[in-house]
Amino acid sequence: MLNHFAYVYHRTTQFLFGWIDPFINYVFNNTMTQIAVDILWFFSKLYVQVRNNVNILSSKYVAVKITTEAIQSAYDHISNLTHNEPKEPADLPWGCIATLENNKVVETYTHFENKDEQMQNYYRQMQTNKSGISIIKTSAAVWCNRCVSDYDGVRPQSMVKFISVVYKHPDMPGDGLEMNVGREWYLVGNELFSAEFVARWLHYQPEPYVFDDRYSIQIVDDQVNVVTLNHKQYVTIEKTTYKIVTV
Numbered sequence: 071m072l073n074h075f076a077y078v079y080h081r082t083t084q085f086l087f088g089w090i091d092p093f094i095n096y097v098f099n100n101t102m103t104q105i106a107v108d109i110l111w112f113f114s115k116l117y118v119q120v121r122n123n124v125n126i127l128s129s130k131y132v133a134v135k136i137t138t139e140a141i142q143s144a145y146d147h148i149s150n151l152t153h154n155e156p157k158e159p160a161d162l163p164w165g166c167i168a169t170l171e172n173n174k175v176v177e178t179y180t181h182f183e184n185k186d187e188q189m190q191n192y193y194r195q196m197q198t199n200k201s202g203i204s205i206i207k208t209s210a211a212v213w214c215n216r217c218v219s220d221y222d223g224v225r226p227q228s229m230v231k232f233i234s235v236v237y238k239h240p241d242m243p244g245d246g247l248e249m250n251v252g253r254e255w256y257l258v259g260n261e262l263f264s265a266e267f268v269a270r271w272l273h274y275q276p277e278p279y280v281f282d283d284r285y286s287i288q289i290v291d292d293q294v295n296v297v298t299l300n301h302k303q304y305v306t307i308e309k310t311t312y313k314i315v316t317v
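Going by the numbering used here, the letters in the sequence shown line up with residues 71 to 317, in that order.
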């Protein structure tokens, strides 16, 4: 018995001092700014890894997909009751035209019964509009383009990932609003984070905000590059990268 306790004590102290000593050296040899950056980087990578693993499991296993969707639905429902914020239509698929009028988003929804034919016709028809964005949402994916876009190719899932996307405005306190945009939006050919896209996203989230042409979008990509968009810019999603477009 004594040998057993001695072994446990030895292994425990070995484990503790095995990381305590390097940790103390790290703290004394780095500035608080560097430590804060390292902590932010660690948890950002951890968040992305967990989120990606959940998405992979959801795509492979129906039970995981159903469970995560149920949790998200319950969370959204409770959040809606608490904050009384607007909500997208639940009966998919649908199409939406979103435009800006006096810095307010105006939406027109269309529901599809004969999905494939109606969606294709709707998309071609929306390309004749002179302003705004068109969105087609199904249970599996989202198409999102500026109405003047001529993109008509296939839309596989992109490999592009962003560590964070943050909405900022000079009249808003704090560090801005984290824009959590699901992977179903990251399809090749999609055009994201335009002024209409941003105004619409703000409309469907619960936090107070200020929106006008002074806002900025700060993006940190998976290579830790930081880019900032203004109200005249948006991001085009490609297979392995993204492109910033100015209108």
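C-beta: ideal position from N, C-alpha, C; glycine also.
A check of alpha carbon separations from K309 across Y131, Q227 and T178 identifies Q227 as the nearest. Less than 8 Å separates the beta-carbon of N173 from that of D282. In the structure shown, the three-state DSSP call for H181 is strand. Secondary structure at N173: coil, using DSSP grouped into helix, strand and coil.
One alpha carbon belongs to I109, the other to N250, and they sit about 21 Å apart. In the structure shown, Y312 adopts extended strand secondary structure according to DSSP, grouped into three states. Between the region 198-210 and the region 232-243, the count of C-beta pairs closer than 8 Å stays below three; the two stretches do not touch.
Per the C-alpha coordinates, the member of N123, W271, F232 and R253 positioned closest to S209 is R253.
Its chain contains S128 as the residues whose beta carbon lies nearer than 7 Å to that of K135, once the 5 sequence neighbours on both sides are disregarded; these appear in chain order. Excluding the 5 residues flanking it on each side, Y304 has same chain C-beta neighbours closer than 6 Å at E261, F263, S264 and V315, in chain order. Note on N215: 16 or more other CB atoms within 10 angstroms of its CB, so buried under the neighbour-count rule. Take T180, set aside five residues on each side of it, and the residues of its chain with a beta-carbon closer than 7 Å to its own are W164, G165 and Y192, in chain order.
Around the Cβ of I289, a 10 Å sphere holds 16 or more other Cβ atoms; the residue is buried. Beta-bridge partners assigned by DSSP to N215: S204. Taken through DSSP and simplified to helix, strand or coil, D291 comes out as strand. The secondary-structure analysis by DSSP pairs W164 across a beta bridge with H181 and K207. Between E266 and L116, the C-beta gap is not smaller than 8 Å, which leaves the two residues out of contact.
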